[in-house]
Amino acid sequence: MNKSIFRPNILALKPYSSARSEYQGQAICYLDANENPYENRVNRYPDPLQMELRTIVSQIKKTDASNLFIGNGSDEAIDLLIRATCNPGVDEIIVTDPSYGMYSVSAAINQVKVKKVPLNIDFNLNSNEILKNVDDNTKLILLCSPNNPTGNELERKEILHIINNFQGLVIVDEAYIEFSSQPSLLSELSKYPNLVILQTLSKAYGMAGLRIGFAFASNIIIDVLNSIKPPYNVSVVAQDMAVQLLRSQSENLTKQVKEIINERKKLTDFLVLNEHVIKVFPSDANFILVRFKQSEIIFNYLTKMGIIVRNRSKELNCEGCLRFTVGTPAENMQLMNALLKYN
Ligand SMILES: *Cc1c(COP(=O)(O)O)cnc(C)c1O
12 MNKSIFRPNI
22 LALKPYSSAR
32 SEYQGQAICY
42 LDANENPYEN
52 RVNRYPDPLQ
62 MELRTIVSQI
72 KKTDASNLFI
82 GNGSDEAIDL
92 LIRATCNPGV
102 DEIIVTDPSY
112 GMYSVSAAIN
122 QVKVKKVPLN
132 IDFNLNSNEI
142 LKNVDDNTKL
152 ILLCSPNNPT
162 GNELERKEIL
172 HIINNFQGLV
182 IVDEAYIEFS
192 SQPSLLSELS
202 KYPNLVILQT
212 LSKAYGMAGL
222 RIGFAFASNI
232 IIDVLNSIKP
242 PYNVSVVAQD
252 MAVQLLRSQS
262 ENLTKQVKEI
272 INERKKLTDF
282 LVLNEHVIKV
292 FPSDANFILV
302 RFKQSEIIFN
312 YLTKMGIIVR
322 NRSKELNCEG
332 CLRFTVGTPA
342 ENMQLMNALL
352 KYN
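Quick note on numbering: the working numbering labels position 119 of the sequence shown as 130, and the sequence is numbered without any gaps.
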């Protein structure tokens with residue numbers, strides 16, 4: 012990867028140096044940051060580089076801490092990656108259609124053009140179609156696997172073909188990887204200097220409320236992200252609670268993920284046989300995309316029954332589709348009962 016992928020102003024940037032980053036040892040008194048000195052557990056600023064959290068995450072993910080960026084949700088990493096590479100009004104990104112809506116929103120906020128390249132009708136990735144759309148101003152290609160809202164894993168061979176034939180950064184968003192039958196690309200990260208992998212604590216890890224997401228990449232990329240992020244982007248409360256939950260929760264999580272995958276199968280088997288359903292798309296995630304004969308009516312009916320699902324019928328090739336998150340067995344039962352009762 013060539014450093015010129017980054018905007019010149021970003022490469023020239025002298026980052027803000029916070030009080031907490033200039034002094035990292037154990038001191039007797041901290042009179043450097045204009046904090047209130049009286050202890051209440053949050054009177055001090057958080058560690059800007061999240062060393063404790065970064066250490067435990069890199070152990071869990073079997074990567075080096077220097078290859079890990081921690082953001083205020085992976086949404087922050089998406090925004091920073093666009094800002095680090097794309098000159099407003101000049102550069103552009105490529106996303107698949109359909110995919111996660113935040114990519115386009117983040118690009119629009121940064122005045123960056125988005126080329127949407129359709130997935131195949133079965134929502135598989137066509138790498139040549141993506142590569143055909145690359146031009147001199149294309150800085151990023153964003154792929155989501157398993158893809159939101161369709162739920163399918165993108166084919167590894169197609170992803171690698173893009174990584175190997177594109178000069179800019181390829182971002183693979185693995186927000187749902189824990190639910191997938193395919194392994195993460197993370198173990199191959201060192202082979203691909205232009206690859207960025209996004210993961211999050213918001214889905215399988217059960218910490219959406221903490222707002223913590225990860226970018227894994229070569230240390231050149233990670234250093235740039237850390238130099239442009241707001242210095243205290245992850246709060247003391249979020250860092251501490253994430254460390255605590257990551258230490259205590261791991262067996263629970265494995266069980267929960269297994270149960271969610273079981274429930275996904277149960278729900279799928281039910282939906283396939285339901286008279287209102289046209290098609291159930293295969294899912295590698297914790298949600299299922301389902302095409303209904305009359306999706307608007309079903310959506311309104313479920314809402315009236317107090318069951319909130321996502322209407323995705325306006326997305327490309329998703330006509331008539333609703334997206335169901337897999338809930339607890341009791342919640343899924345309520346959904347199934349409601350659909351059985353409807354006629
Ligand atoms: C939910 C989701 C995320 C998670 O974003 P956070 O900011 O980490 O909560 C990222 N990408 C996709 C595709 C998602 O669906």
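Here a beta-carbon is modelled for each residue, glycine too, at the ideal position from N, C-alpha and C.
Nearest by alpha-carbon distance to Arg323: which of Ile89, Gly162, His172 is it?
For Arg323, the nearest C-alpha among the options comes from Gly162.
To the nearest angstrom, how far is it from the Cα of Asn98 to the Cα of Lys304?
Each residue's Cα considered, the two are about 44 Å apart.
Please classify Glu286: is it buried, with 16 or more other beta-carbons within 10 angstroms of its beta-carbon, or exposed?
Exposed.
Can you give the Cα-Cα distance for Asp102 and Leu142, rounded to whole angstroms?
Their Cα atoms are separated by approximately 16 Å.
Shorter than 8 Å, the distance from the beta carbon of Glu87 to the closest heavy atom of ligand 1, or not?
Yes, the Cβ of Glu87 comes within 8 Å of a heavy atom of ligand 1.
Residues near Ile308 in its chain [Cβ-Cβ closer than 7 Å; skip 5 each side]:
Annotation for Ile308: no residue places its beta carbon closer than 7 Å to its own, counting only its chain and skipping 5 residues before and after.
Alpha-carbon to alpha-carbon, Ile319 and Val301
Cα-Cα distance, rounded: 14 Å.
Does the structure place the region 264-274 close enough to the region 178-194 that three or more beta carbon pairs sit under 8 Å?
The region 178-194, when compared against the region 264-274, does touch it at the 8 Å Cβ threshold.
Write down the C-beta distance between Asn328 and Asn83 rounded to the nearest angstrom, noting that I regard them as a contact closer than 8 Å.
Rounded, the Cβ-Cβ distance is 32 Å, inconsistent with contact.
Classify Ala44 as buried or exposed, calling it buried when 16 or more other Cβ atoms lie within 10 Å of its own Cβ.
Counting Cβ neighbours within 10 Å, Ala44 comes out exposed, since fewer than 16 surround it.
Relative to the C-alpha of Thr211, which residue among Leu200, Asn205, Phe225, Glu199 is closest?
For the residues Leu200, Asn205, Phe225, Glu199, the minimum Cα distance to Thr211 belongs to Phe225.
Between which two residues does the beta strand (DSSP E) carrying Ala154 extend?
The amino acid occupying residue 154 in the given sequence is Leu; Ala does not appear at that position. Element bounds for Leu154: 149-155.
Taking 8 Å as the cut-off, does the CB of Asp184 come closer than this to any heavy atom belonging to ligand 1?
Distances from the CB of Asp184 to the heavy atoms of ligand 1 include at least one below 8 Å.
Three-state secondary structure (DSSP) at Asp43?
Assignment of Asp43 by DSSP, reduced to helix, strand and coil, places it in the coil class.
Relative to the C-alpha of Leu60, which residue among Asn78, Pro48, Ser32, Lys73 is closest?
Closest by C-alpha distance to Leu60, out of Asn78, Pro48, Ser32, Lys73, is Ser32.
How about Ile89: is its C-beta nearer than 9 Å to some C-beta of chain D?
In the displayed structure, chain D is absent; only one protein chain is listed.
Where does Gly224 fall in DSSP's three states?
The answer is strand: DSSP assigns Gly224 an E or B state.
What residue range does the alpha helix (DSSP H) around Thr279 cover?
Here the alpha helix (DSSP H) through Thr279 covers 261-284.
Which residues share a DSSP beta bridge with Pro242?
Answer by DSSP bridge pairing: none, since Pro242 is not bridged.
Would you list, in sequence order, the uninterrupted beta strand (DSSP E) runs of no fewer than 3 residues that lie entirely inside the region 19-100?
Segments of the beta strand (DSSP E) lying fully in the region 19-100: 79-82.
Pull up the CB-CB distance for Gln250 and Pro26, whole angstroms please, since I reckon it's below 8 Å.
About 20 Å separates the Cβ atoms of Gln250 and Pro26, ruling out a contact at the 8 Å cut-off.
For Val106, which of Asp133, Glu140, Ala88 has the nearest alpha-carbon?
Out of Asp133, Glu140, Ala88, Glu140 has the C-alpha closest to the C-alpha of Val106.
If you check the beta carbons only, do Ser306 and Leu333 fall under 9 Å apart?
With respect to the 9 Å criterion, Ser306 and Leu333 are classified as neighbours on the basis of their beta carbons.
Three-state secondary structure (DSSP) at Phe292?
Phe292 carries a coil assignment under DSSP once its states are collapsed to helix, strand and coil.
Ser362: CB within 8 Å of a non-hydrogen atom of ligand 1:
Residue 362 lies beyond the residue range present for the chain, which begins at 12 and ends at 354; the question has no answer from this structure.
Sheet register partners of Val183 (DSSP bridge):
Per DSSP, the beta bridge partners of Val183 are Leu154, Ile208.
Which term fits Pro157, buried or exposed, when burial requires 16 or more other beta carbons within 10 angstroms of its beta carbon?
Buried, since its Cβ has 16 or more Cβ neighbours within 10 Å.
Express the C-alpha separation of Asn176 and Val53 in angstroms, rounding to a whole number.
Here the alpha carbon of Val53 sits roughly 48 Å from the alpha carbon of Asn176.
Taking the Cβ atom as the reference point for each residue, do Tyr111 and Cys155 lie within a distance shorter than 9 Å?
Pairing Tyr111 with Cys155 gives a Cβ-Cβ distance under 9 Å.
Any heavy atom of ligand 1 closer than 8 Å to the CB of Thr211?
With a cut-off of 8 Å, the C-beta of Thr211 is classified as near ligand 1, since at least one heavy atom of the ligand falls inside that distance.
At a cut-off of 8 Å, would you count Gly217 as near ligand 1, judging by its Cβ distance to the nearest heavy atom?
Not one heavy atom of ligand 1 sits closer than 8 Å to the Cβ of Gly217.
Give the DSSP-derived three-state secondary structure of Ile319 in the structure shown.
Residue state, collapsed to three classes: coil.
DSSP beta-bridge partners for Ile299?
The beta-bridge partner set that DSSP reports for Ile299 consists of Phe335.
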